[in-house]
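Numbering (full-length UniProt numbering), first residue to last: 1 to 111.
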């Protein structure tokens, strides 16, 4: 007995081509990218949104990896999850504070 490999990414015949993907995604507003994404035209779209629009299936029916591999095979540029911005150190001085200290800020008696 063979184990089920899980649901596969089923693309329609027109979506199998690059122009089919472009046509399917035309007019679709990209969601905020929080994970892996793919560049379609001049916009970056989350891979799960692309998979849902192209296949017409629920997002839970395929993995982001399947969509990423399919889009890469069609020649689209895929990007990994964006890096989170570093959290600034609470004790670190801002550039404004550093410049103010370097130039010497007026004391209360000078005001």
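C-beta: ideal position from N, C-alpha, C; glycine also. Every value quoted in this text rests on a predicted model; they were computed, and no experiment measured them.
Cβ neighbour criterion (16 or more within 10 Å) applied to residue 89: exposed
What does residue 37 pair with, by DSSP beta-bridge criteria? 46 and 79
Quick one: what's got a C-beta closer than 6 angstroms to residue 1's C-beta in the same chain, skipping five residues either side? With a pLDDT of only 43 at residue 1, under 50, the local geometry of the prediction cannot be trusted, and the value read off the model is given with reservation. Contacts found: none.
Let me confirm a value: residue 70 is counted as buried when at least 16 other C-beta atoms fall within 10 Å, else exposed. Which label applies? buried
Rounded C-alpha distance that separates residue 75 from residue 41: 12 angstroms
Apart from the five residues on each side of it in sequence, which residues of its chain come closer than 8 angstroms, Cβ to Cβ, to residue 112? Because the chain is modelled from 1 through 111, residue 112 falls outside the range shown and cannot be assessed.
Please look up how many angstroms separate the CB atoms of residue 49 and residue 31, rounded, as I've assumed it's under 8 angstroms. 5 angstroms
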